Every structure is written in C-alpha cells, then in structure tokens.
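Protein chains in written order, with this note's numbering: chain P, -19 to 181; chain A, -19 to 181. Working notes, structure below.
Protein chains: 2
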Amino acid sequence: MSELDKSTEQVILRAARKVFTLRGFDGARMQQIADEAGINKALLHYYFRSKEKLFDAIFKEVMQLIIPGAVQVLLSDLNFSEKIYGFVEKYLDSLLANPDVPGFVLHELSLHPERLLDNIKGMGVDFNLLVGQIRREIELKHIKPVEPDHFMINLVSLCMFPFLARPVLMGLTGFDHGKFNAFIAERKQEIPRLILQSILP
Amino acid sequence: MSELDKSTEQVILRAARKVFTLRGFDGARMQQIADEAGINKALLHYYFRSKEKLFDAIFKEVMQLIIPGAVQVLLSDLNFSEKIYGFVEKYLDSLLANPDVPGFVLHELSLHPERLLDNIKGMGVDFNLLVGQIRREIELKHIKPVEPDHFMINLVSLCMFPFLARPVLMGLTGFDHGKFNAFIAERKQEIPRLILQSILP
DNA sequence: GTCTATATTTCGATAGAC
DNA sequence: GTCTATCGAAATATAGAC
C-alpha cells in the first residue's frame, strides 16, 4: 500500500460501513460490500474472518461517529445556555454528516443489546457524569430544578429523531434532500430555544 | 375453526407480527414464525404465498397501531392545552402497548420507503390538515407563532424517541422494565409542560 | 494479497401423502 | 387444512492457483 491510495483494509472498512449502515447486518450482503470496495468476496474473509467480525470492526467506529464529540461541550465551563447551543450545533452537524447512522445503531442495539452495549460503556459517555453536571447547575440556581433523565432524553430526542424519521418526512411532506438539511439547520435555534425556555430561571 | 380459538390465519398473523417486529423483515425466519404459531412452515405458505406477502399483511396493521388513534385528539374541539395533554397521553399509551413497533416501522420504512409509504397515505394521517389546525390556533392568538413543522416533529420526537432508544436506556442507565414504564408515565406531564411553556401566550 | 472455483449452510418455497 | 420430506436458490465461508 502506498501513502496515496488507502490500504485494502481501509477500503473494505469504508465499504462495509456504507453497506451495513444502509441495510443493517441482516440485510447486508458480503457480495455487495465486495462490489462497493471494488474487490473480491474472498478477500473480505481474508482480512476479517467472518461477516460478524467485519460488522464488529465497523460498529465501534460508527458509534463514535454519533456520540462523543458533542458531549465534550456539556462538560466544558461555558455557561448553561452556551452549552446547550453548542451541544445542539455540534451534534446536529455530526448527524448531518452521517444521517443514517442513528437508525442503524439503534436498530442493531435493539437486536443485540447485550453484545453491543459494551462498545458504548468503554467510550467515555458517562451518563452519570452528565446527570451530575445538571444537578450541580440546579444547586447553583443557574437553572430551575428539572429531572436530569428527562432533560437528557428530551435533548437527544429532539436532535436525533428527525433523522430516524427522515424517510417518512421526505415521503409524507414534500421534503427533498435540500429542504431536509435546511430544516435541520433551523433546529440549531429551535431546539435550544425550546429546551431553555422551560428551564432558565 | 370454532368461535373460541382463533382461526389459523389469525394465529399466523399474530405470530408473524411478533417475530417481524422483534427482528425486522431481514432478520425474521419463517421457521420462527411457524414455531411461534405452533404450526408448520408449509402452512405459512399455504395461507400467504411468500414471506413478503405475509409481511405486507402485518405491516399495515402494525402501522395503524402507532399512528392514527392519537391524532383524533388534535382534530377535536378541545382547547389547545387539553389537546396536547390528551394527545401525549393517548399516544404514549399506545406506544407502551407496542413498545418495539416504532423501531420496526421506522427501520422498514427506511429500507423500502417507496414501497411502504403508500400504506400511510391511505390512512387518514393528513399532515397538512394538522399543520392547518396549528396555523388556525396561531391566527386566533391561542398560541404564539410557531413553525408547524417543528412543532409537530418536536411533539412526536419527545413521545417516540424513548422507545427507539429503550435498549440503550436499559443498558446504560439502570432502567429495568418497570422503571422504563414509570419513566414514560412521567412524560405524560413532562412533554406537554415542555411543549406548552414555549408556545402559550 | 488477490483471484476463481467450490464447498457448506441456511432458508424460502414446493410436492405430495393424509 | 395440515403435515413430512425435499428441492432449489441464495449467501457465507473455504481451498487452492497465481
């Protein structure tokens, strides 16, 4: 492999990610991954022994794509409003860059929670840490008392759901690709506004 | 078939619904459906010619499970607050009764939007009608001006997302089955509160 | 490392007896 | 209508040449 064209392993991983996220583990075909990578089926098994092992190789990588970046903002020392605006902006951007990852990840997690959830646990997304952050803000009277569980779920729901429902949105309302992206862009203001109005003193 | 035990066709449909919603079309096995129904694989093909036809038979039924009931509330002549509380309560109840239907439906829709979206269109969920309702409330100054698109998405997001993320919630936080249900019950107040605070004058 | 060819397994579907 | 047995078509995985 030269430094210019990516190593075969990287090409395979990229192709696998595309096909797996688009079709899910059960719907993905090794043949399709090989085609996408421009190589032969047998080579997939040479690099990764089985479909399952190939899946495992991309799943961790894909989860990191949609989780941790934005969380840093919440743990920074910005004030609370800035944190929310910052989080939503970063999070929506990373989802826009990978619009069908959320559906893929949640689908696979619901099929094999026990096997796949370990991948999250080691990823530094400490839910309790975030909840602690919110508790502290409440004590300092920066925000009204809220249930941290609901607060976090509300925030993530509002960001992630439109991507999960994208096919419905685009089929039912007249959304095309551009309108969907514009709609998400609007939500960078809409979501913080909604969240903050209910909790700022 | 007697009037007491359900007809074989009904038994098959019920089994198919369970297996399909749990594993998705690609993950579902005709054998598993037969086992669940307590009959033989061949009989599935006798009643429904193919796996795909069996899927089509349950998909429409399953979609109706999570969409239309709650919408009636929004079209009633209650005042706006009552509508929101009523909608959220009814909607969450119907989701609680079928917790893994949302994930199933959204997953299948994202795999085959063109083929499956027709099922919605004939179901009386007229998105534009709802948007019109909201526009009217704004004109009457019952609520502040809001973007109807965002309003509807916010509402549905907050209701549905916890069910899509249920495996993560139960794996990452210490939620068990009972705590999850209690959490959803709390949201019957939490969601209307959040939504209404941002839009009542 | 990469390919062609082939083995193996799984699964949807059918044939045919009862 | 329901079953047992089997077919045939994928799809994953391996063998072996280059």
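Glycine included, C-beta positions come from ideal geometry on N, C-alpha and C. Only a predicted model underlies this, so the values are computations on that prediction, with no experimental measurement involved.
Secondary structure of Ser(-18) of chain P, DSSP reduced to three states: Below a pLDDT of 50, predicted positions are generally treated as unreliable, and Ser(-18) of chain P, at 43, falls in that range; the measurement from the model is reported next regardless. Coil.
Counted within 10 angstroms of its Cβ, other Cβ atoms place Asp57 of chain A as buried (16 or more) or exposed: Flag for Asp57 of chain A reads exposed.
Where Gly4 of chain P falls, given that 16 or more other Cβ within 10 Å makes a residue buried: With 16 or more other Cβ atoms within 10 Å, it is buried.
Extent of the continuous alpha helix (DSSP H) to which Asp36 of chain A belongs: Per DSSP, Asp36 of chain A belongs to the alpha helix (DSSP H) from Lys31 to Ile46.
Cβ-Cβ separation, Pro82 of chain P to Ile46 of chain P (assumed contact under 8 Å), whole Å: Contact between Ile46 of chain P and Pro82 of chain P holds, with the beta-carbon distance rounding to 6 Å and staying under 8 Å.
Cβ pair Ile133 of chain A, Pro125 of chain A closer than 8 Å: The Cβ atoms of Ile133 of chain A and Pro125 of chain A do not sit closer than 8 Å to each other.
As assigned by DSSP and simplified to three states, the class of Arg95 of chain P: Looking at Arg95 of chain P - three-state DSSP - the assignment turns out to be helix.
Contacts of Gly7 of chain P in chain A (Cβ-Cβ under 9 Å): Simply Gly4, Phe5, Asp6, Gly7 and Leu91.
Sequence-distant residues of the same chain with beta carbon closer than 6 Å to Met(-19) of chain A, five excluded per side: With a pLDDT of only 42 at Met(-19) of chain A, under 50, the local geometry of the prediction cannot be trusted, and the value read off the model is given with reservation. Closer than 6 Å at the Cβ level, and outside the excluded window around Met(-19) of chain A, lie Ser(-13).
Alpha-carbon to alpha-carbon, Phe28 of chain P and Tyr71 of chain A: The alpha-carbon atoms of Tyr71 of chain A and Phe28 of chain P are separated by roughly 45 Å.
Phe155 of chain A - DSSP class collapsed to helix/strand/coil: If DSSP states are grouped into helix, strand and coil, Phe155 of chain A belongs with coil.
Residue closest to Arg95 of chain A, alpha-carbon to alpha-carbon, out of A:Tyr26, A:Lys33 and A:Ala8: Distance from the Cα of Arg95 of chain A is smallest, within the candidate group A:Tyr26, A:Lys33 and A:Ala8, for A:Lys33.
Where Arg167 of chain P meets chain A, residues with beta-carbon distance less than 8 Å: His130, listed in chain order.
The stretch 134 to 142 of chain P contacting the stretch 132 to 150 of chain A, beta-carbon criterion three pairs below 8 Å: Contact between the stretch 134 to 142 of chain P and the stretch 132 to 150 of chain A is present, because at least three Cβ pairs lie under 8 Å.
Cβ pair Val(-1) of chain P, Ile19 of chain P closer than 8 Å: Taking 8 Å as the Cβ cut-off, Val(-1) of chain P and Ile19 of chain P do not qualify as a contacting pair.
C-alpha gap between Arg(-6) of chain P and Leu23 of chain P, whole angstroms: Straight-line Cα distance between these residues: approximately 14 Å.
Neighbour flag for Val140 of chain A against chain P, beta carbons, 8 Å: It is Met, not Val, that sits at residue 140 of chain A in the sequence shown. Yes, because at least one Cβ of chain P sits closer than 8 Å to the Cβ of Met140 of chain A.
Neighbour-count burial assignment, Ser90 of chain P, 16 or more Cβ in a 10 Å radius: A residue is called buried once 16 or more other Cβ atoms fall within 10 Å of its Cβ, and Ser90 of chain P is buried on that count.
First through last residue of the alpha helix (DSSP H) which encompasses Arg(-3) of chain A: Arg(-3) of chain A -> alpha helix (DSSP H) spans Thr(-12) to Gly7.
Arg9 of chain P burial status per 10 Å Cβ neighbour count (16 or more: buried): Exposed.
Chain A within 8 Å of Thr153 of chain P, Cβ atoms only: Chain A contact via Cβ: present.
Inter-residue Cα distance where the pair is Phe67 of chain P and Phe107 of chain P: So the alpha carbons of these two residues sit roughly 15 Å apart.
CB contact below 8 Å: Val(-1) of chain A versus chain P: Cβ-Cβ to chain P under 8 Å: no for Val(-1) of chain A.
Beta carbon proximity, Ala145 of chain A to chain P, threshold 8 Å: Yes, contact with chain P.
Cβ shell of Gln11 of chain P (< 8 Å), same chain only, five flanking positions each side left out: Result list for Gln11 of chain P: Lys21, in chain order.
Through-space distance from Phe39 of chain A to His157 of chain A, alpha-carbon basis: Approximately 26 Å between the Cα atoms of the pair.
Own chain partners of Pro128 of chain A with C-beta closer than 8 Å, once the 5 adjacent residues on each side are dropped: Its chain contains Leu110, Val111, Ile114 and Arg115 as the residues whose beta carbon lies nearer than 8 Å to that of Pro128 of chain A, once the 5 sequence neighbours on both sides are disregarded; these appear in chain order.
For Gly18 of chain P, three-class secondary structure by DSSP: DSSP places Gly18 of chain P outside both helix and strand once states are collapsed to three, so it counts as coil.
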